[in-house]
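Some notes on the structure that comes next.
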Amino acid sequence: MAPILVARKVTKRFGGLVAVNELDFEIEEHAIASVIGPNGAGKTTFFNCITGFYVPEEGVIEFEGKEIQGLRPDKITTMGIARTYQNIRLFGKMSAIENVMVGMHPRLSLHWWDAVIHTPAFVRQERKVLRRAWELLDYIGLTDWANHQANSLPYGAQRRLEIARALASEPKLLLLDEPTAGMNPQETAEMIEFIRKLRDDWNLTILLIEHDMKVVMTISEKITVLDFGTKIAEGKPEEIQRNPRVIEAYLGRGAASGLSAAEAPAQAA
Amino acid sequence: MNQWQRRLEYWRRRYDITDVVVWLFGLAILAVAVYGTVRSLQTTTYDSKRWAQFVVYGISQGGVYALIALGYTLVYGILFMINFAHGEIFMFGAFGALFTALALDKAGYWNGHPVLSLIIVLLVAMTTSSVIAVLVERVAYRPLRKAPRLVPLITAIGASFTLQYTARSFFGSGLRAFPEMDMLKGSVSVFGLDIGKSHALTIVVSLLMMAGLYWYVQKTKTGKAMRAVAENKDVAALMGIDVDQIIVRTFILGASMAGVAGVLYSLIFFQVKFFMGFVPGIKAFTAAVLGGIGNIPGAMLGGYFLGIFESLGPALILEGLGIPAPSQLKDVIAFTMLVMVLIFRPTGILGEAVSEKRA
Amino acid sequence: MSKKHWLIVLALVAMLALALAACGGKAEEAPATEAPKEEMATEAPKEEATEEATEEAAAEVTCEDEWGCIEIAPDEPIQIGVMQVLSGGAANYGEAGLGGVKVAQSERPEVLGHKVDLVVEDSQCNAEGGQIAAQKLTSNDKIVGIIGANCSSACTPAAQIVTDANMFMISNSCTAPALTAPDTHKLGFLRTVYNDAYQGAVVAEFVYNILGLKKMATIHDGTPYPQQLQEVACQRFTELGGECVAQEAINPDDTDMRPVLTRIAEKQPEVLFFPLYPEAGGHVARQAKEVEGFENVVLVGADGLKVEKFLEAAGDAAIGMWFTGPEVPQNEEYAKKYVEVNGSEPPAPFGEQAYDAYNIILDAIEKVAIKKADGGLLIPRKALLDALYATKDYQGLTGTLSANEYGDFTSPETTKIVIYQAEKVDGKLDFVPKYVYFNGEFTEVK
Amino acid sequence: MNPIWRSTLKAGLLTGAIVIYVALTGMVLSLSQRPVIGKLSLGHVVYMLVFVGMGYITAVRSPWRQERPWLVPLQGAVVGGVGAAILALLPLIGRKVDLGWMFVTAKPELYKFLLFNQEQVARGVLYLILTGAVLGGVAAVLPILPEVLHKALLGGASTTLLLGVLAELVQRTVLKKVLGPFFAYKGLKPTGAAILFVVLTVLFGLQAWWRQKHPKVTKSVAAQEAEAASPLRTTLQLGALLLFLLILPVWILNKDTYLNSVVNLVGLYIIMGLGLNIVVGFAGLLDLGYVAFFAIGAYTVALMTSLGPLGHGYSFWQALPVAILLALTAGVVLGIPVLRMRGDYLAIVTLGFGEIIRILANSDWLKPFMGGALGVLDIPKPKIGNWVLKEEYQLYYLILAGILVTWFVASRLYHSRVGRAWQALREDEDVAEAMGIHLVTTKLLAFGFGAAFSGLSGAIFAAKVGSVYPHTFNLIISINVLSLIIVGGIGSLPGVVVGALALVGLPELLREFSEYRMLFYGIALIAMMLVKPEGFWPKRLKVYPRPQEEDAEASAL
Amino acid sequence: MALLELHNVHAYYGNIHALKGISLTVDEGEIVTLIGANGAGKTTTLRVITMLLPPREGTVTLNGEDLSQYRTHEIVLKGVSMVPEGRGVFARLTVLENLELGAYTRNDPSGIAEDLERVFTLFPRLKERQGQAAGTLSGGEQQMLAIGRALMSRPRILLLDEPSMGLAPILVESIFDIIQEINRQGTTILLVEQNALMALQIAHRGYVLRTGEIVLADTAENLRNNEMVQKTYLGME
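Protein chains in written order, with the numbering used here: chain A, 66 to 334; chain B, 2 to 360; chain C, 1331 to 1776; chain D, 456 to 1012; chain E, 49 to 285.
Here it is in structure tokens:
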């Protein structure tokens, strides 16, 4: 399969600090891949470079063969990349369903004058928007919360709503920034399942940043490890787990061993 | 690709037509300003001494702006709210100074012991301003600290009206004359320029106050607590900092600056009136934003910048364009300059650069 | 919550009232189509005065005025509208005007056995303030006439409204020439304050002929009064053969005048005419002493500055400065009374003009009002206005006042313009009259 | 001392401070000429209300309300008495020391008035303290009464008083037909007041009783969803409202010029508010220079239609679209450079823009074209055929039409892709951009619409007033409009109307308070925000019903 | 007597009933941990103890003294110190200034200097970076700073809110080591943790919260062996 996203020698600096350093990266279509690394290793910065929040000083990022580095975020989203955020960033004062409707923005085409005179096309489109929004909420199981203010939702529901909002833009590549942060093991297990299902139902490619090693090891087909903005390892989960540089810089011996112990039952299930 | 092509590519991708329009807009204004300046320099007959005088006038007016702007910036830095009533706090400071000065004058102290009198007047003005500021904080701001951002802005506007018209009811609607001080009559000569003594005093005092304020905020325990409260009130409270008290102290500090400004203003302009806080208030707000709101040296710089531009602008830029009565348009210059600065530095002269967004 | 409650009750009451009104209409056996007409009649007694009223009064006196009459019941006061600017930066003018009216009222609280009651409105210093205040006052059919307003921007729309309502207003401080120019004058507008057109010309003549100076600079503050005054002065000055080297402008709230003065100094004028208000004028006078090039420039102000407040604001810088102003005899008594009634000194000029307006209105009422047997009054509107226009040689605080056909109570023929100079008299700054201008001639005051 | 008594005493001191403030502002004396009920003047009311209010508040907050209710009125009496005693200090000191050099309002008349015109000072002071104590005590009785009685008396008394204060309003409207006999020349007759009080108290009592029996329940979201699916009730309510609006100027306000003029002014502010609401409420861009577009609209109509020397002789209807278009253009032109600024930077730049427009209109430079300080005069009224919209009640319909159009546009935009984009922008600009929203066009659209609405309002304003002056277009208007949308409830369309009524309508009705109008306005702004920080009619989430199955099929076809 | 005791505490966010009658005790010298899912009320409990969210009902006592009469900054004087969730360092202040603010309530310069030394020995990295703005530190360093800062007030009891959140596994271990070390030096600790596995390893006792109520209270060891805990919070099935 062809890679859907390719990054070549991407470098991003903040003042004197090199946040991402000549990073090469690829992700196959329909894959689930993870980026891990210690705090401040440049993971989120890399995400921001992909989605257009940051402009890398050097390097090329290609999405479906088109260069996207330096484009504005709205253009990139329209091309088919959507994301969620480390610390949930919903439109808090809008209702859940409105959040999803905003997500559909790049897929809608009609203008303000259509809205003012309610042209038949507009009425049709709005009806479709509403139906799809309800469908999406159905999919993530939030219909009961549809008309509630987004920031009054429980934590887990907010995480899912953020994903629904991202899905609404009909992305091909979905970036998830720590999707299981703050969840207990049970919820985490559910989220893992959900991400897999997501990929299959929507034919997505998923790239995630995660700290929870259990999640990363269970779900990823490929893992990239960053440290100080540089890629120090890349490969399948088992390879990464054994990689001495990764253990030294990131996992620590205890965690590495504890991980395999804890991993056993999870895999058994 | 070489460096230059890369740059070009970057710009092409990042910016679109509206950005170009903005720059063209800015450049057009700049071009007009430059043209006007060149024409002015060619056609008018001001000698270098005159130009220098414009600058000196601007600095002394700017000093007053700067002192008021400091109050705006201090409060903004901690509460992230525009204290619209700050101009009125300045006005009350001036009234406090006025009544003290009148009393001293009556008793013969005003010209008998000028330095002592000045100190007394300064203290009274600072106290008056502080009392008003604390009152406003307590009644109009504190209960709304957790409300949406625009709500305290409206109560601030309400407080501004209330204070203004309270002063009007209490002290009358006409101007009150501030007593002259013999000590401050005449001028001193600096680098061959005559500067009025009261103006020189304004420049010196405003610089001293600002330096003192900077030191206070950076070095003292309270100053550090202020900065901590500015960043995160809950965490600051967890350090054992009484957040309410620190906010009150901030208001007092800002109000004291306004009180000093009130005295200096009265010493230069000799008039005290209920409406006097409005225009300087707006100007100081402008100055604070110009310098980068929340930033102490920025407020100072913004104040001087604004003062100088107001003073110099009409003669330097507009006169050459053949515009009649250009002094009337000094605020147009001031605000246009503000737009220009913000187009190219969206967070003010010394504001933190947020050229790239955080996600 | 409780607020909502009484809103609901109010709405209920309103509905009840509507229903009653509808029923009432029927009960009076008036055909439904005529009901609105009747209402109109009660609302503003225009040509057809209230029918019942006419019938009742028919026994003794009837109102034959073509604009209708104001009916005053025996124990009812006579109401006079006062619209002055009472908020905003120019509030001191309104306060002075209102103070002047109050002094007059305290001296003459009754006319024809009826108390005089003031209905005060804030007309602000802008068009919609003037409009709303005028609308409010004119729609009260008990109000006889209006004293005010202050700013020409408030007077212009008000004049139209007042005229349309068959009422009148006597302004105490709107000096704009357009208000009483033949082609723009509105019938209901009169003023006890003088017309700027005249005063400006006198300034030019004084500077050119008496002071013998040939280069004049002017400053105005972008409000109608100073702008027009300096315009007229410059025009006349140029006609006389002088030169207006600079016509500068500032904003009323400006404080730092040194930059503009510096720019003017460069033009080397011999005289600076700045017909401003005390605040800005004070700054100009003081700061002119600090700016190089102004050492020998003669300063001239107009009546806006010929007030105590300006001397306070300018201090010793005012010494030697010239002022023009219509002859307002120094009235110690008025000044004393003002403090007595209002508790403070007048914060601005134009109180005397308001004082005179009050008395002129009362005199006119005395002339035209019809007494009823029960002690009530009928005041015919048209006759009242005619009586105002017929005012001749009224001896007021501000001099001898006679109305012309365009509503000006002052005129070059009746009003003397006095030229004052600020001097120290017994250690205290004061305005000392030096020349009097009358009928095209200056006479020195000894 | 018992802490409760200590806090009561503190409340008394506060009361004293407030009444002294009220007295020193001079309103007590200058409003003493205006009767409210019988001999009770507005001057009395303004300071006595402080005793009543503080007594009432003390009682409501009193911890003794349940356990020892008999002590509560005593508390109220102490609060009022102490307050009055402190107020009594003012004349006592003032008679000895001249306070006039500082406070212009501290004059002998005030002292005399406060001491009930008594020759003997001691007796006056005694009366004053007694008055305070009695008023405070009586007010403190209310909260310990049963709820229905409490609400009935409170409602009856406050409404009666309000009617007395707003006597003029009553006498100018259709209400006069019913309530007329209760009113004297100014204010209520004592007997009238008594009757009104009884009737109103009974009415309020019935209403409170009804409420108690049928407490209001907040509807569940599910119920709202069901309701949204069948909007019959809303349609009926809208119809009734429209009918009311149509008959308002003629039948309810009796074609009264003044009241209609106030209503029209409110209407113009509503149009502006609806526009600014798009900019600030929907899109979250703080604009303090909104008056600029109002001025542009007004000047366009003025210059195009004026019959004076500056005019060009077009008709109002020709000028109107031009005015809107010019304002819109100005909005976009201003919008472009300020787009990249956020929050308070935007605020000050827009403020500057507003000032620039005003100063330019006033300048000598543009005087030959715009009239400078002397403004543009002789603006004709709009004509439809031969029918001239001359009177205020006629202009009302023009303004009403303007409001309906702007409301319609604003509401439709809000519930569309654009409206959602604005809201997203307001909530989080970065994320909004990452949701595919083009920031520049979206912001420009908001600015453009806001400006166009304001231009419309300005155009009608010019025709209504008949003359425009640069001084009119000052910062206060921008501040007013901003305040009204926040007081009403930011982002809420009905909130704009409520806000305009509260902040434009009420001050106009209080015009007779003249110099204290702005003071009340300021205090009201603070008070309203303290009581209801979310606004009087906060925005409610729109409820989206789940589409019916048929719907789904229909659209699938 | 317990050092810290909560008795039947109810707390609300607006209308949301966040804590429904929590009672717990922390004895002198203990490490006690609160575990539970997100939204269970762990952080809320800490906010109640520091009066950032005063309880509507129930009592919080420290050494028998009722804390609800005090405001947050006064609680610190009583010897309670909290490391907030997400670290909450003052990003624009330097490391040293952050630490100095930790000692805001104290007035003994020599004692402060002593404690500063102690923090620097505990976290040598902080000493290297003391002049640097705290915002430029890495996540792990910020966590160290936050803990060090909390220690500067010489607390009797230290409240830690999710110290391992968002940290690399390698850092999590060392942070927990340090927490144990601090406890050994005599500071009582109340630890709120998502990472129940680690928390129960170092704690003496633990409470399990679910939707605002305490559902289990036991020694750490017993909790580790509890089936429900293993299933829900330790991820073992």
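Idealized CB from N, CA, C, for every residue including glycine.
Let me see if you follow: with CB-CB separation under 9 Å, is residue i close to chain C or not?
i                : result
A316 of chain B  : yes
L1012 of chain D : At L1012 of chain D, the pLDDT of 39 sits below 50, so the modelled position is not reliable; the number obtained from the coordinates is stated separately. Chain C contact via Cβ: absent.
Buried or exposed for residue i, going by 16 or more other Cβ atoms inside 10 Å?
i               : result
S118 of chain B : buried
H87 of chain B  : buried
K822 of chain D : buried
Y61 of chain E  : exposed
M211 of chain B : buried
R627 of chain D : buried
M276 of chain E : exposed
I548 of chain D : exposed
I believe residue i touches residue j by the beta-carbon criterion, under 8 Å. Please report the beta-carbon distance rounded to the nearest angstrom.
i               : j               : result
T142 of chain A : P121 of chain A : Not a contact, Cβ separation roughly 18 Å.
F286 of chain B : Y73 of chain B  : 6 Å
Going by the CB atoms, is the gap between residue j and residue i shorter than 9 Å?
i                : j                : result
G1530 of chain C : A1506 of chain C : no
L1641 of chain C : L1759 of chain C : yes
I834 of chain D  : A917 of chain D  : yes
L241 of chain B  : H121 of chain E  : The question names Leu, yet the displayed sequence has Gly at residue 241 of chain B. Yes; because the gap between Cβ atoms is below 9 Å, this pair is in contact.
A233 of chain A  : A186 of chain A  : no
A753 of chain D  : A906 of chain D  : no
For residue i and chain B, any beta-carbon pair shorter than 9 Å?
i               : result
M276 of chain E : no
E113 of chain E : no
Mind checking if residue i is an interface residue toward chain A, Cβ cutoff 9 Å exclusive?
i               : result
H926 of chain D : no
G127 of chain E : no
Give a yes or no on whether the minimum CB-CB distance between residue i and chain D is below 9 Å.
i                : result
D1778 of chain C : This structure gives no information on residue 1778 of chain C, because the portion of chain C shown stretches from 1331 to 1776.
F111 of chain A  : no
Q134 of chain A  : no
Quick check on residue i - is its C-beta less than 9 Å from some C-beta in chain E?
i             : result
K1 of chain B : Absent from the structure is residue 1 of chain B, since the part of chain B shown begins at 2 and ends at 360.
| task | Using a Cβ-Cβ cut-off of less than 9 Å, list which residues of the segment 226–253 of chain B approach chain E; keep chain order. | result | A226, R228, A229, A231, E232, N233, D235, V236, A237, A238, L239, M240, G241, I242, D243, V244, D245, Q246
| said: At a CB distance below 8 Å, what residues from the segment 185–218 of chain E approach chain A? Give them in sequence order. | reply: S186, G187, G188, M213, G214, L215, A216, P217, I218
| For the segment 245–256 of chain A, which residues have a beta carbon sitting closer than 8 Å to at least one beta carbon of chain E? | A246, G247, M248, N249, P250, Q251, E252, T253, A254
| query | Got a sec: which bits of the segment 319–331 of chain B sit with their beta carbon under 7 Å from any beta carbon on chain D, in order along the chain? | reply | I324, P325, A326, Q329, L330
| Within 9 Å of chain B by C-beta, residues of the segment 1542–1562 of chain C in sequence order | I1549, H1550, D1551, G1552
| said: Against chain E, which members of the segment 116–140 of chain A pass a CB distance test of less than 7 Å? | reply: none
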